[in-house]
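The structure appears right after this line, and notes come after that.
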Amino acid sequence: MTILDGKKVSNDIKNEIAAEVEKMKAKNEKVPHLAAIIVGNDGASLTYVGSKVKACERVGFESTLVQMPETTSELELLKKIKELNEDDNIDGFIVQLPLPPQIDTQKVLLTVDPSKDVDGFHPENFGKMALDMSTFIPATPFGILELLQRYKVDTKGKHTVVIGRSHIVGRPMSILMSRKGWPGNSTVTVTHSNTKNISQITTQADIIISALGVPNFLKAEMVKDDAVIIDVGITRVEDPSKPKGYVITGDVDFENVSKKASFITPVPGGVGPMTIAMLLKNTLLARERRRHN
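By the numbering used here, the letter at position 147 of the sequence shown is numbered 135, and the numbering carries on one by one without gaps.
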């Protein structure tokens, strides 16, 4: 069994990006600039955005954090997005989700300039991804592809089962794993909360990508020997015996499933660190594209 070590691979990617930035500086070129908008003070979102800012510093990017109060109106947020769209100094930006209830998320994502949409959520970028055109791939799916590639996991002709159909992970993953090329060329089944007899499907899978958000959902008896397991789930589970009072748990019963798997991602330290690394990679790509336009 091989651990797909997202922490290690994300560090490698950050080092590669930092080397690219050094080359840009040596040529007196503008370095990539990533901005993030956060509305409100959701604890998990603040932590996540904070680690994005730190990652920018580490690779030599410029970064801007725009913090807006919980009471921000949709109009105020759309105005701020328009500012970032028109700011030539900013190469890419993200709007941290979830947004407060008074704001229509769909409307917000549609307002982001597709050429700066380093999250890959805009319908134009999603559509290009579905059509195998060059675009920004959403960071988490992009990170999973990168892990499969760097660990030389064979995907051709394999049966991939995706658990979950979110627009951020499940659905893009199902499209990417069936595309021509590698990682890809696999036969994909998408399962979700309404799927009946899910175990019958998962026990046939060569590769399982679980993005459900239900702790320890995938049990050893649901997995065949030598399956490749990608765990995207990340949930805080209360545990009074731990110093923080909780543990971070994935969708997979790691202890038991890992005994059967050929490759598996840990939680934490698997897909999570890859997401930020690929967001940086998309920002580098945005900078390069803007330079050539």
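For every residue, glycine included, the Cβ atom is placed at its ideal position computed from N, Cα and C. What you are looking at is a predicted structure, and each value in this text was computed from that prediction instead of being measured.
For a cut-off of 8 angstroms, the C-beta gap from Val54 to Ala24 is around 7 angstroms, short enough to register as a contact.
Proximity of the stretch 166 to 183 to the stretch 208 to 219 falls short of the contact definition, fewer than three beta-carbon pairs being nearer than 8 angstroms. When secondary structure is reduced to three states using DSSP, Gly257 falls in the coil class, being assigned neither helix nor strand. Closest in C-alpha terms to Ile69, from the list Val47, Leu273 and Leu98, comes Leu98. Within the model, the alpha-carbon separation for Val19 versus Val259 is close to 27 angstroms. Per DSSP, Thr191 is not a residue of any beta strand (DSSP E), being assigned neither H nor E. Annotation: Phe81 is outside any alpha helix (DSSP H); the continuous beta strand (DSSP E) that includes it extends over Gly80 to Val83. According to DSSP, residue pairing for Tyr234 in a beta bridge involves Glu226. In the structure shown, the three-state DSSP call for Gln137 is helix.
Two segments are said to touch when three or more pairs of C-beta atoms, one from each, lie closer than 8 angstroms; by this definition the stretch 220 to 229 does not touch the stretch 168 to 188.
In the DSSP assignment, Val176 is bridged to Thr148.
In chain order, Phe124, Ile125 and Pro126 place their CB closer than 6 angstroms to the CB of Gly108, counting only its own chain and leaving out the 5 sequence neighbours on each side. Inclusion of Val216 and Phe251 in the CB contact set at 8 angstroms is warranted, their separation being smaller than that value. Comparing alpha-carbon positions, the option among Glu74, Lys2 and Pro57 lying closest to Arg46 turns out to be Lys2. The count of Cβ pairs closer than 8 angstroms, one atom from the stretch 33 to 40 and one from the stretch 62 to 80, stays below three, leaving the stretches out of contact.
By the neighbour-count criterion, in which a residue is buried when 16 or more other Cβ atoms sit within 10 angstroms of its Cβ, Arg159 is buried. Residues of the same chain with a CB within less than 8 angstroms of the CB of Ala193, apart from the 5 flanking positions on each side, are His147, Thr148, Val149, Thr177, Val211, Lys212 and Ala215 in chain order. Burial is judged here by how many other beta carbons sit within 10 angstroms of a residue's own beta carbon; Ser187 has fewer than 16 and is exposed.
The beta carbon of Pro102 lies closer than 6 angstroms to those of His110, Glu112 and Asn113 in the same chain, with the five residues before and after it left out. For Met56, the enclosing beta strand (DSSP E) has its first and last residue at Glu50 to Met56. By the Cβ-count criterion, Asp76 is exposed, with fewer than 16 other Cβ atoms from all chains shown falling within 10 Å of its own Cβ. Contact between Met(-11) and Ser246 holds: CB atoms are separated by about 6 angstroms, below the 8 angstroms threshold.
Annotation: Leu206 is outside any beta strand (DSSP E) and is labelled neither H nor E by DSSP.
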